[in-house]
Amino acid sequence: MTFSVSKDRLGLRLVILSLLVGSVLSVFSTGIQLLTSFERQKQDTTNSLDEIEAALTETLERALWTFDFAQVDIILDGIATNEAVTYLQLVSPTGHSWTRGQTRQSPLKREYSLNHSDPDMPEQLVGTLTVELSLQSVIDRVWAQFWVTLLTNLAKAYLAALALLVIVHRLITRHLRAIGQHIETSNETAAGPHLRLQRPARTHPDDLDRIVQAITRFEDRVRDTMRSLRSEIGERIKSEKEAREALSVRASFISTMSHEVRTPLNSIMGFLHLISVDAALPDKQRRYAEMATKAAQGLHNQLSNILEMSRLDSKAVDISTRPTDIRRLAGQWRDNTEAVVHLLKKDIEVRLDIDPTLDAQYIMDGARVTQIVTNLTDNATKFTAQGAIRISVRALPDDCDGTTERKVIAISVADTGPGIDPAHRHRIFDRFAQIETGMDRTHDGAGLGLAICQELADLMGATLNVAEDEKDGYATEFLLTLSCNARLDT
Amino acid sequence: MKSFFACVCIALCAMVTPASAAPRTLTVVADDWPPFSGHGLPDGGLSLDVIAQVLRRAGYQVETSVVPWARIMDGARSGEFDIVGSLFKDPDIASYMTYGDPFYTTQVQLVQRMGGSHAFTTVEALRPYSIAVGDGFVYEDSFDRADYLDKVVVTTTLQAVQMVAFGRVDLTLDSVDVVRHAIETEAPDLADAVEFAPGVLAEQGIHMAVRSDLDGSAEIVADFNAALAEMRADGTLAALVDRHVPGKAGG
Numbered sequence: 000m001t002f003s004v005s006k007d008r009l010g011l012r013l014v015i016l017s018l019l020v021g022s023v024l025s026v027f028s029t030g031i032q033l034l035t036s037f038e039r040q041k042q043d044t045t046n047s048l049d050e051i052e053a054a055l056t057e058t059l060e061r062a063l064w065t066f067d068f069a070q071v072d073i074i075l076d077g078i079a080t081n082e083a084v085t086y087l088q089l090v091s092p093t094g095h096s097w098t099r100g101q102t103r104q105s106p107l108k109r110e111y112s113l114n115h116s117d118p119d120m121p122e123q124l125v126g127t128l129t130v131e132l133s134l135q136s137v138i139d140r141v142w143a144q145f146w147v148t149l150l151t152n153l154a155k156a157y158l159a160a161l162a163l164l165v166i167v168h169r170l171i172t173r174h175l176r177a178i179g180q181h182i183e184t185s186n187e188t189a190a191g192p193h194l195r196l197q198r199p200a201r202t203h204p205d206d207l208d209r210i211v212q213a214i215t216r217f218e219d220r221v222r223d224t225m226r227s228l229r230s231e232i233g234e235r236i237k238s239e240k241e242a243r244e245a246l247s248v249r250a251s252f253i254s255t256m257s258h259e260v261r262t263p264l265n266s267i268m269g270f271l272h273l274i275s276v277d278a279a280l281p282d283k284q285r286r287y288a289e290m291a292t293k294a295a296q297g298l299h300n301q302l303s304n305i306l307e308m309s310r311l312d313s314k315a316v317d318i319s320t321r322p323t324d325i326r327r328l329a330g331q332w333r334d335n336t337e338a339v340v341h342l343l344k345k346d347i348e349v350r351l352d353i354d355p356t357l358d359a360q361y362i363m364d365g366a367r368v369t370q371i372v373t374n375l376t377d378n379a380t381k382f383t384a385q386g387a388i389r390i391s392v393r394a395l396p397d398d399c400d401g402t403t404e405r406k407v408i409a410i411s412v413a414d415t416g417p418g419i420d421p422a423h424r425h426r427i428f429d430r431f432a433q434i435e436t437g438m439d440r441t442h443d444g445a446g447l448g449l450a451i452c453q454e455l456a457d458l459m460g461a462t463l464n465v466a467e468d469e470k471d472g473y474a475t476e477f478l479l480t481l482s483c484n485a486r487l488d489t
Numbered sequence: 000m001k002s003f004f005a006c007v008c009i010a011l012c013a014m015v016t017p018a019s020a021a022p023r024t025l026t027v028v029a030d031d032w033p034p035f036s037g038h039g040l041p042d043g044g045l046s047l048d049v050i051a052q053v054l055r056r057a058g059y060q061v062e063t064s065v066v067p068w069a070r071i072m073d074g075a076r077s078g079e080f081d082i083v084g085s086l087f088k089d090p091d092i093a094s095y096m097t098y099g100d101p102f103y104t105t106q107v108q109l110v111q112r113m114g115g116s117h118a119f120t121t122v123e124a125l126r127p128y129s130i131a132v133g134d135g136f137v138y139e140d141s142f143d144r145a146d147y148l149d150k151v152v153v154t155t156t157l158q159a160v161q162m163v164a165f166g167r168v169d170l171t172l173d174s175v176d177v178v179r180h181a182i183e184t185e186a187p188d189l190a191d192a193v194e195f196a197p198g199v200l201a202e203q204g205i206h207m208a209v210r211s212d213l214d215g216s217a218e219i220v221a222d223f224n225a226a227l228a229e230m231r232a233d234g235t236l237a238a239l240v241d242r243h244v245p246g247k248a249g250g
């Protein structure tokens, strides 16, 4: 036994409860026994009055009749030896009287009329005997019996409880503790020894045997599951490593290819531009050169987007914040947009709304914000045949957490183009998403611009949404909500 | 003649008995029967006093005691006691004990309630009446044998007298000396409640008897009788009787 019975808390609780119940039952049963005993002894005491009458009154009557006072004394002394008798009084009509004890006016009292009967003469009273009884001796005996019985019953209850403690410990709690220790020390991965209880094998398994069997089966299942999980984790780690390597190879390939393509493309674009502006060439050739320049520009943009997406996938894009003059930046956005509009020769008015409450500077990555806004204005220019494009910058209520001052600014780009079908709006930020499909597409592009904007916004902790259509006459509005880390007032 | 014979015997005994021999000690017992014998009576009562004095005069040492009647009868047969006093003459007792001469005479009379009309004529005439008698008492031979009488057995004379006084029996009987002594010493209020009925049932001598199987029993009886005669003659007996039963010295 590796632990003592005294540390068997479960067994002790069982014993204490058993003792409490046993003690209560002992007191109750003792009370019942003694009540019965008291009633019986009380009846016996009362019966002694009848016994006195049956056994002694005739003798006493004869002694009185014959004036055998010595015999009267003997009889009265004999009656007085009964411990229940507290008082005796015998009065004879001849003027003689005898008393024994002191009267207590007990309710248990009986008077006997002692009459002499003789066939030759009328019945004659020879004395009156008064006997008083007390139950005090009975009560004293019952109390003594009560304590003896109670102590005996309690002793039996304590001995039984002690035996119960040992039995419960031997049969149950030591095995429960062994089960607990086994579970506590078992290893879900290593195949340790199965649980075995230190007790003889049984022909018919009991609850402990079933618990042991259940634990053993559970351990086997856990170990099988763990082996399966470890195998799966290993495979996944291997797959992830291979995926990372493949991604790296792909990014490297794309980067290399983009660079290798863009360098000659830039040369082509440069020469095409020279051709298109060469006044010595006929108009037809210059127009062809301009068309070639546009195609090359589109190819250049697609390559730039693919390269950017590749950098984002390989986590190569960093956000670098610095104090930035948002008003000057917004002016550049407007100028760039007007340049594109002019280049495309579209009848589009470009507007810029600046919130007068804007601070002079914000801590932000101006280049990445400009990249997003430029993508949005390029989209707006692309899908707007004529009308207007509005760029607005406004300050939103402070987002202060009490420790750091944060400024939130909203940058929106709205246009009067055809708008976006609500059925397609949920996927416009997906990679390679094209709302127009098929051979009748009117606009080119790989569908990477808005996806890049979304991922850049995520990197900066900003949100990018499509606003409601037909607002203030603008069909589409992209809203960039940017939370700046700090504000620098100048 | 008897006195002379006794004197001769005593003289012969004195001659043959060595002067240095210690006197023989006799144990004399009697039952509680006042005034003849009983606890608390002077020198054990009339009977024990007289017997002791007579035997001492006869040259014996005497030890007296009062014991219950049943034990006396048993002890006399078994040899525990030598001499029994306070006896009426009784044939049964005479079969194993040797009586000495009576040293007192008492009358046995009926006792009735005061004003009663009884009078003793014959034992047969007592048939209609209930009579209290002492357990084992000897009154008179014909009365003792009269089984046809309604005898109510009691333990003491006083009980019998009280039963008469309270009308529980018609009569009792006993030695007038015993009855008087009982009333005077134990129940004086009965003196006005009972009386002796006319007529004497018997006149009984008070005897002592020596156990017949005792060595020298006849000699002891003879010595007793001789010494008694001397004491009667010299008035010593009368003085003793008067001490115990005043006014009856002539009995």
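Protein sequences, first through last, are from chains F and A. Each residue of the first sequence is one higher than the one before, starting from 0 at the first, in numbering that gives the first Met the number 0. Each residue of the second sequence is one higher than the one before, starting from 0 at the first, in numbering that gives the first Met the number 0. Idealized CB from N, CA, C, for every residue including glycine.
Under 8 Å, Cβ to Cβ, is there at least one residue of chain A near F/W64? At least one CB of chain A lies nearer than 8 Å to the CB of F/W64.
Along chain A, in chain order, which residues have C-beta atoms closer than 7 Å to that of F/D67? V153, T154, Q158
Local Cβ density within 10 Å of A/L236, reported as buried at 16 or more and exposed below that: With 16 or more other Cβ atoms inside 10 Å of its own Cβ, A/L236 counts as buried.
Could you tell me which whole alpha helix (DSSP H) segments of length 4 or greater appear in the segment 159–208 of chain F? 173–184
Whole angstroms is fine: what's the gap from F/T65's alpha carbon to F/Q144's? So the alpha carbons of these two residues sit roughly 45 Å apart.
So is F/L170 buried or exposed if we call it buried at 16+ other beta carbons inside 10 Å? exposed
Burial state of F/W142, where buried means 16 or more other Cβ atoms lie within 10 Å: It counts as exposed.
If you compare alpha carbons, which of F/K108, F/E110, F/G126 is closest to F/S116? F/G126
Along chain F, in chain order, which residues have C-beta atoms closer than 7 Å to that of A/F165? T93
Straight-line gap, A/S116 to F/T93 (C-alpha atoms, nearest Å): 23 Å
If we call anything under 8 Å between Cβ atoms a contact, is A/Q158 one with A/F87? no
Residue-chain proximity (A/Q161, chain F), Cβ-Cβ < 8 Å: yes
Delimiting residues of the alpha helix (DSSP H) encompassing F/M290: 282–312
Please identify the residue among F/N378, F/A394, F/P192 whose C-alpha is closest to the C-alpha of F/G416. For F/G416, the nearest C-alpha among the options comes from F/N378.
If the criterion is Cβ atoms closer than 8 Å, does the pair F/T369 and F/T336 meet it? no
From F/R367, F/S112, F/T356, residue whose alpha carbon lies closest to that of F/A53: F/S112
Let me check understanding here. Comparing Cα to Cα, which of F/V221, F/A160, F/H174, F/P322 lies closest to F/A190? F/V221
Return the chain-ordered ranges of every alpha helix (DSSP H) run that is complete within the segment 166–219 of chain A and spans a minimum of 4 residues. Counting whole runs of 4 or more residues, the segment 166–219 of chain A contains the alpha helix (DSSP H) stretches 175–185.
Burial state of F/M438 (16 or more Cβ within 10 Å): Residue placement at F/M438 is flagged as unreliable, the pLDDT there being 47, under the threshold of 50; the coordinate-derived value follows with that caveat. Looking at its Cβ environment, which holds fewer than 16 other Cβ atoms inside 10 Å, F/M438 is exposed.
Cβ separation of F/R103 and F/S133, assumed to be a contact under 8 Å, to the nearest whole Å: About 6 Å separates the two Cβ atoms, so the contact holds.
Is A/V199 near A/Q111, with beta carbons less than 8 Å apart? no
What number of angstroms, rounded off, separates the C-alpha of A/A51 from the C-alpha of A/E139? When rounded, the distance between both Cα atoms is 26 Å.
Leaving aside the five residues before and after F/A494 along the sequence, list all residues of the same chain whose C-beta is less than 7 Å from its C-beta, in chain order. Past the edges of chain F, shown from 0 to 489, lies residue 494 of chain F, and the structure says nothing about it.
Expressed to the nearest angstrom, what Euclidean distance is found between the alpha-carbon atoms of A/L54 and F/L63? 42 Å
Which residues does DSSP pair with F/P322 in a beta bridge? F/I362
Just mark F/Q331 as buried or exposed, buried being the case when its beta carbon has 16 or more other beta carbons within 10 Å. exposed
Closer than 6 Å by C-beta to F/D324: which residues in its own chain qualify, once you throw out the five before and the five after it? Chain order, please. Q360
From the DSSP output, in three-state form, read off F/K406 for me. In this structure, DSSP gives F/K406 an extended state, which the three-state scheme calls strand.
Since F/V14 and F/A160 should fall inside the 8 Å C-beta cutoff, what is the C-beta to C-beta distance between them, to a whole number of angstroms? 5 Å
For A/P286 versus A/V240, is the C-beta distance shorter than 8 Å? The requested residue 286 of chain A does not occur in the structure, where chain A is confined to residues 0 to 250.
Below-8 Å beta-carbon distance, F/Q144 vs any chain A residue: no
Could you give the residue range of the beta strand (DSSP E) that holds A/V49? Element bounds for A/V49: not the beta strand (DSSP E) but the alpha helix (DSSP H), 45–56.
Own chain, CB closer than 6 Å to F/G30, minus 5 neighbours either side, in chain order: none
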